[in-house]
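The sequence shown: position 216 = 215 (our numbering), numbered continuously. Here a beta-carbon is modelled for each residue, glycine too, at the ideal position from N, C-alpha and C. Shown next, in structure tokens, is the structure this report addresses.
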Amino acid sequence: MHVFGGISNVIIGSDGLKGLVIKNLIAYKKTIEEKEDYCLLRVSGGYNMTRLAKETAEFGYEGLEYHLGLPGTVGGGLCVNSGWYAHPPSKYIGDPVHEVCLISKDGATRIEPKEYFHFDYDYSVLKKTGEIVLWVDFKLKKADPEELFQHGREALDYRKKTQPFGIPSSGCYFQNIDGKSAGRIIDQAGLKGYTIGGAQVSTVHANFIVNTGHATSEDVQKLAQHVKETVKTKFGIHLEEEIIWL
Ligand SMILES: Cc1cc2nc3c(=O)[nH]c(=O)nc-3n(C[C@H](O)[C@H](O)[C@H](O)COP(=O)(O)OP(=O)(O)OC[C@H]3O[C@@H](n4cnc5c(N)ncnc54)[C@H](O)[C@@H]3O)c2cc1C
């Protein structure tokens, strides 16, 4: 069984997937606790991340506003601990997590605290366990909605300016290396615009491989391999995939 959210961080090979495929679009949210200085908000795993970023900013709940413009869902974002890296310190979806309800492979549900997930850059324990996020309780500080919106807009504008918006891709292809931008390294290797079949190293952001129309998964794989080999030869740097290949 495979569970996805927005399928925005995944590439599926031409052979397809065997077994049951679930695209989780279950969308609900409710306030669990409201205090003077914070709100505990329960959000389903299938909730759209950009919608949540917008709504929480509107309510004046701080912690998710920088994810405005992030494709995908809360569950997918939590699994890979999606982030906003433009200005330090980085902001991750895992940061404001209080606890999470999971379904394990045997179908049992249980609740785990934030510590269980070992959130890190492009990592949560869910990448290893394959457990499914049913809902998440976010603990969000109260703040000025206008200020939160400003941060959200800043993030969205930055994404629009620096990422290939509106062209099919799966987001950043390779992981950054010790905080060093993989995109900058690929750019310095002279690979922007390099094309194999229908797959191209984006001319906007070199860590995005875009589909110019009819890319096959083999085109993407060959192009990624070329990028890896070129970067290794030129700089001695080994790039690791951020994309999840299935
Ligand atoms: C244009 C573009 C821009 C992007 N910008 C960013 C960015 O700024 N920062 C960033 O970090 N990423 C970025 N990404 C990558 C991606 O959008 C995010 O990582 C996103 O949060 C993934 O969510 P998703 O729902 O699409 O996950 P999917 O791609 O559907 O799944 C990703 C992984 O999560 C698992 N999963 C999905 N739902 C659940 C669930 N309910 N429970 C448990 N596991 C689940 C899947 O099995 C899979 O292993 C970008 C992608 C694109 C296309």
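Inter-residue CB distance, residue i and residue j (contact presumed, cutoff 8 Å)
{"i": "VAL20", "j": "VAL73", "result": "About 19 Å separates the two Cβ atoms, so there is no contact after all."}
{"i": "GLY75", "j": "ASN8", "result": "6 Å"}
{"i": "GLY62", "j": "PHE137", "result": "6 Å"}
{"i": "GLY151", "j": "LYS53", "result": "7 Å"}
{"i": "VAL42", "j": "LYS22", "result": "Not confirmed; about 17 Å, so no contact."}
{"i": "GLN208", "j": "GLN199", "result": "According to the sequence displayed, residue 208 carries Ile and not Gln. Indeed, because the Cβ distance is near 7 Å, the residues count as touching under 8 Å."}
Range of the contiguous beta strand (DSSP E) that encloses residue i
{"i": "GLU111", "result": "108-112"}
{"i": "LYS140", "result": "131-141"}
{"i": "LYS28", "result": "28-33"}
{"i": "LYS22", "result": "20-22"}
{"i": "LEU40", "result": "37-43"}
{"i": "VAL2", "result": "1-3"}
Buried or exposed by the 16-neighbour rule on C-beta atoms within 10 Å, applied to residue i
{"i": "GLN224", "result": "exposed"}
{"i": "ASP218", "result": "buried"}
{"i": "SER13", "result": "exposed"}
{"i": "HIS204", "result": "buried"}
{"i": "PRO112", "result": "exposed"}
{"i": "GLN149", "result": "exposed"}
{"i": "THR108", "result": "exposed"}
{"i": "MET0", "result": "exposed"}
{"i": "PHE234", "result": "exposed"}
{"i": "LEU16", "result": "exposed"}
{"i": "SER201", "result": "buried"}
{"i": "TRP83", "result": "buried"}
{"i": "PHE164", "result": "exposed"}
{"i": "THR161", "result": "exposed"}
{"i": "ILE242", "result": "buried"}
{"i": "HIS86", "result": "exposed"}
{"i": "THR55", "result": "buried"}
{"i": "GLU146", "result": "exposed"}
Residue i Cβ short of 8 Å to ligand 1 heavy atom set
{"i": "LEU222", "result": "no"}
{"i": "TYR84", "result": "yes"}
{"i": "GLU240", "result": "no"}
{"i": "CYS248", "result": "Because the chain in this structure spans residues 0 to 245, residue 248 falls outside the shown range and cannot be described."}
{"i": "VAL96", "result": "no"}
{"i": "GLY170", "result": "yes"}
{"i": "PRO144", "result": "no"}
{"i": "LYS17", "result": "no"}
{"i": "PHE164", "result": "yes"}
{"i": "PHE207", "result": "yes"}
{"i": "GLY71", "result": "yes"}
{"i": "ILE243", "result": "yes"}
Residue i Cβ short of 8 Å to ligand 3 heavy atom set
{"i": "HIS117", "result": "Judged by which ligands are present, ligand 3 is missing from the structure shown, whose ligands are ligand 1."}
Residue range of the unbroken alpha helix (DSSP H) whose run includes residue i
{"i": "LYS127", "result": "125-128"}
{"i": "LEU51", "result": "48-58"}
Residue-level contact to chain B via CB, residue i, 9 Å cutoff
{"i": "GLY182", "result": "As a matter of chain content, chain B is missing from the structure shown, which is built from one protein chain."}
Note down, one range per segment and in chain order, each alpha helix (DSSP H) of at least 4 residues found wholly within the region 153-233.
181-187
Segments of 4+ residues assigned as alpha helix (DSSP H) that fall wholly inside the region 66-119
73-79
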